[in-house]
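Chemist: Numbering (full-length UniProt numbering), first residue to last: 1 to 281. All C-beta atoms, glycine included, are put in the ideal place defined by N, C-alpha and C.
1) State the start and end residues of the unbroken alpha helix (DSSP H) segment that holds residue 159.
2) May I ask which residues mark the beginning and end of the beta strand (DSSP E) holding residue 220?
3) For residue 157, does the count of other Cβ atoms within 10 angstroms reach 16, so buried, or fall short, so exposed?
4) As a quick exercise: from 232, 124, 246, 134, pick the residue whose alpha carbon is nearest that of residue 113.
5) Return the chain-ordered list of same chain residues with a C-beta closer than 7 Å to the C-beta of residue 264, the five sequence neighbours on each side being excluded.
6) Tell me whether the beta-carbon of residue 188 lies closer than 8 Å to the beta-carbon of residue 168.
7) Near residue 137, which residues of its chain fall below 8 Å by C-beta distance, leaving aside the five closest residues on each side in sequence?
8) Classify residue 184 as helix, strand or coil using the three-state DSSP reduction.
9) Could you tell me the alpha carbon to alpha carbon distance between residue 272 and residue 198, rounded to whole angstroms?
10) Roughly how many angstroms separate the alpha carbons of residue 191 and residue 175, rounded to a whole number?
11) Among the residues of its own chain, which have a CB less than 7 Å from the CB of residue 60, if the five just before and after it don't count?
12) In or out: residue 215 buried (at least 16 other Cβ within 10 Å) or exposed?
13) Between residue 178 and residue 75, what straight-line distance do the alpha-carbon atoms span, to the nearest angstrom?
14) Quick test of your reading: residue 184 and residue 205, contact by CB under 8 Å. State the CB separation rounded to the nearest angstrom.
15) Cβ of residue 203 within 8 Å of Cβ of residue 71?
16) Suppose you measure from the CA of residue 234 to the CA of residue 6; what does that come to, to the nearest Å?
17) Along the alpha helix (DSSP H) that carries residue 238, what are the first and last residues, could you check?
18) Could you spell out where the alpha helix (DSSP H) holding residue 269 opens and where it closes?
19) Going by beta-carbon coordinates alone, are residue 222 and residue 242 separated by less than 8 Å?
20) For residue 254, which residues from the same chain have a beta carbon less than 6 Å from its beta carbon, with the 5 sequence-adjacent residues on both sides left out?
21) Going by alpha carbons, who is nearest to residue 9 out of 172, 125, 77, 22?
22) Here's a check: name, in chain order, each residue in its chain whose Cβ is nearer than 8 Å to the Cβ of residue 246, leaving out the five neighbours to either side.
23) Could you give the distance in angstroms between the alpha-carbon of residue 252 and the alpha-carbon of residue 244?
24) Name the two residues that bound the continuous beta strand (DSSP E) containing residue 202.
25) First and last residue of the beta strand (DSSP E) that includes residue 130?
26) Hey, out of 127, 68, 20, whose CA is closest to residue 277's CA?
27) Residue 228: which of 217, 194, 250, 261 sits nearest, CA to CA?
Below, the structure is given as structure tokens:
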């Protein structure tokens, strides 16, 4: 997760809680410092304690922290404290700490997950929404990575021409005027199953702003048309929960989930999803 994505995530929390504007301004100032700080220190993210960072922040701006700035830093540390997306490292005296960029595939993720940024090209016509990425996708930072349990890419490759081996899935899907994102920005989810969600912890993505930024989108496709429930939320359930008042003049299309837990056969799913090829023309 980038610093910009982290800032956006905390701002969405502020929005949901009705936090005053002064805290937003303080948060922006803190992130201005953090971006410079990280580049200078070459840190993965936050290699000092909260109090040490506050002292560095005060020195950076040559002033004492005000209440809003102090709280903004507290908010950042609170947000990342249970997340595996960030690595906090303490430097031993006179020793260099070296961090490897890669990590074993078996490394368990925290139950508090942070989703991916949208995959979007220049002029998307269709936005496909899921719930949020599974653990494999979060580790790889790419959508629908668990091909053993999800047929999304198999379906897309069947609907459109075979992609070049040198082309990434991201470039492939966006080249066909399709954007990928999810209903959920962050929240508690145990594992990758739909019954692993803590519904009250979920923070939605800002779909409304995304649609305003990309007016070429004329169709929203929900990957999973099952009714769902609080204990077992589907994409349709989450979309209705978070975006029932969304301002959108285009089509909202509900399709069967590409997950292999769906009872449809591969041929039936492919036939249902074939409508996508008409929407992107």
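Modeler: With the structure as the only source:
1) Position 159 of the chain shown, counted from the first residue, corresponds to residue 159. 152-159 is the span of the alpha helix (DSSP H), which, as asked, contains residue 159.
2) Within the chain shown, residue 220 is the residue found at index 220, counting from 1. Where residue 220 is concerned, the enclosing beta strand (DSSP E) stretches over 219-223.
3) On the chain shown, residue 157 is found 157 positions in, with the first residue counted as 1. Residue 157 is exposed by the Cβ-count criterion.
4) Numbered from its first residue, the chain shown carries residue 113 at position 113. Considering only alpha carbons, the answer is 134.
5) For this step, residue 264 is matched to residue 264 along the chain shown. The residues are 256.
6) In the chain shown, residue 188 corresponds to position 188, counting from 1. In the chain shown, residue 168 corresponds to position 168, counting from 1. Result no, Cβ atoms of residue 188 and residue 168 do not sit closer than 8 Å.
7) Along the chain shown, one-based indexing puts residue 137 at 137. Counting only Cβ-Cβ distances below 8 Å, and skipping sequence neighbours, we find 116, 143, 144, 145, 146.
8) Counting from 1 along the chain shown, the entry for residue 184 is found at position 184. Three-state DSSP puts residue 184 in a strand.
9) Counted from its first residue, the chain shown places residue 272 at position 272. Counted from its first residue, the chain shown places residue 198 at position 198. If I take the Cα positions, the gap works out to 30 Å.
10) Counting from 1 along the chain shown, the entry for residue 191 is found at position 191. Counting from 1 along the chain shown, the entry for residue 175 is found at position 175. When rounded, the distance between both Cα atoms is 31 Å.
11) Here residue 60 corresponds to residue number 60 of the chain shown, with the count starting at 1. The residues are 33.
12) On the chain shown, residue 215 is found 215 positions in, with the first residue counted as 1. Label assigned to residue 215: exposed.
13) Here the question's residue 178 lines up with position 178 in the chain shown. Here the question's residue 75 lines up with position 75 in the chain shown. Near 35 Å, if we compare the C-alpha coordinates of residue 75 and residue 178.
14) Residue numbering aside, residue 184 sits at position 184 when the chain shown is read from its first letter. Residue numbering aside, residue 205 sits at position 205 when the chain shown is read from its first letter. That belief holds up - the Cβ atoms of residue 184 and residue 205 are roughly 7 Å apart, short of 8 Å.
15) Here residue 203 is taken as the residue at index 203 of the chain shown, counted from 1. Here residue 71 is taken as the residue at index 71 of the chain shown, counted from 1. Not a contact, by the Cβ cut-off of 8 Å.
16) Sequence index remark: in the chain shown, residue 234 carries index 234 (1-based). Sequence index remark: in the chain shown, residue 6 carries index 6 (1-based). About 25 Å.
17) In the chain shown, residue 238 corresponds to position 238, counting from 1. Run containing residue 238: 235-243, per the alpha helix (DSSP H) assignment.
18) Numbered from 1 along the chain shown, position 269 holds the residue referred to as residue 269. Looking at the DSSP string, the run of the alpha helix (DSSP H) that includes residue 269 is 266-273.
19) Within the chain shown, residue 222 is the residue found at index 222, counting from 1. Within the chain shown, residue 242 is the residue found at index 242, counting from 1. Not a contact, by the Cβ cut-off of 8 Å.
20) For the purposes of this step, residue 254 is taken as the residue at position 254 of the chain shown. Around residue 254: 222, 225, 236.
21) Sequence index remark: in the chain shown, residue 9 carries index 9 (1-based). Of the listed residues, the one whose Cα sits closest to residue 9 is 77.
22) For this step, residue 246 is matched to residue 246 along the chain shown. So the list reads 207, 208, 211, once near-sequence residues are dropped.
23) As a position in the chain shown, residue 252 is number 252, starting the count at 1. As a position in the chain shown, residue 244 is number 244, starting the count at 1. Approximately 11 Å, taken between the alpha carbons.
24) By 1-based counting over the chain shown, the position of residue 202 is 202. Unbroken run through residue 202: none, as it is neither H nor E.
25) Against the chain shown, residue 130 aligns to sequence position 130. Residues 126-130.
26) If you number the chain shown from 1, residue 277 lands on position 277. Ranking 127, 68, 20 by Cα distance to residue 277 puts 127 first.
27) By one-based count along the chain shown, residue 228 stands at place 228. Here the closest residue by C-alpha is 194.
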